[in-house]
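Notes for the one structure printed next.
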Amino acid sequence: MRKRTTAPPILKENKAEKVNDSSASSRTKPRPDVNIKKDVVKGLPVEDRIATLTETIGRNPYDPQLFYQRGILYFSKGKTKEALNDYNRSIKINPKSGKAYYARAELWAALNNNRLALLDIEKAMELEGIKGEFDRDPVNQAM
94 MRKRTTAPPI
104 LKENKAEKVN
114 DSSASSRTKP
124 RPDVNIKKDV
134 VKGLPVEDRI
144 ATLTETIGRN
154 PYDPQLFYQR
164 GILYFSKGKT
174 KEALNDYNRS
184 IKINPKSGKA
194 YYARAELWAA
204 LNNNRLALLD
214 IEKAMELEGI
224 KGEFDRDPVN
234 QAM
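Just remember that the numbering used here sits 93 ahead of the position in the sequence shown, which is counted from 1.
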């Protein structure tokens, strides 16, 4: 059997495709668009990564990971309003995502809203199964 010499299409429907190789008769592999946040946008300038994620969100509006990733990029560019909106959307879609609460806590800490930062850090810890409480300023914990 010939090996594939070209890369698979990047932005396709989220379906599984069959992969054949000599070691296994067949197995399923997730379509590339599922990993767009990791594979495709890696190495691109931040603005291009944001644009790619925005396009992908248009096709997958209920994927909390896409909003989370775009929120991180917005935050890295200092666009706190957009980042907050994306973190909130990610949490609304998947309220059990500790990392989204933690990312939002970092944003609150950067905005000097320690009360909300602490609440989100505690929620993230609860969701991730981390015991304990923060007894110091959450700005120092989140950064």
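From the three backbone atoms N, C-alpha and C, an ideal C-beta is built for every residue, glycine too.
The structure presented is a predicted model; accordingly, all values stated were derived computationally and were not measured.
query, result
"Proximity winner among Glu140, Ile165, Glu219 and Lys174, relative to Ile189 (alpha-carbon distances)", "Per the sequence shown, residue 189 should be read as Lys rather than Ile. Nearest of Glu140, Ile165, Glu219 and Lys174 to Lys189, Cα basis: Glu219."
"is_contact[Leu166, chain B] using C-beta, thresh 8 Å", "Included in the structure is just one protein chain, with no chain B present."
"From Asn187, Asn178 and Glu221, residue whose alpha carbon lies closest to that of Leu200", "Asn178"
"Cα-Cα separation between Thr149 and Arg208, rounded to whole angstroms", "34 Å"
"Alpha-carbon to alpha-carbon, Ile184 and Leu159", "12 Å"
"Whether Ala193 touches Pro154 by CB criterion (8 Å)", "no"
"Exposure label - Leu137; buried when at least 16 CB within 10 Å", "exposed"
"Residue span of the alpha helix (DSSP H) that contains Leu209, given as start and end", "Asn207 to Glu221"
"Classification of Arg197 by the beta-carbon crowding that lies within 10 angstroms, buried from 16 upward", "buried"
"Three-state class that DSSP yields for Asp126 in the structure shown", "For Asp126, the predicted structure reports a pLDDT of 44, less than 50, and the residue's modelled location is therefore unreliable. A value from the coordinates is still provided. Three-state result, Asp126: helix."
"Inter-residue CB distance, Gly191 and Glu221 (contact presumed, cutoff 8 Å)", "4 Å"
"Proximal residues to Tyr195 (C-beta, below 6 Å), its chain only, five neighbours per side dropped", "Ala217"
"Close Cβ partners of Asp213 (< 8 Å) along its chain, the five nearest in sequence each way excluded", "Tyr194, Tyr195, Arg197, Ala198 and Trp201"
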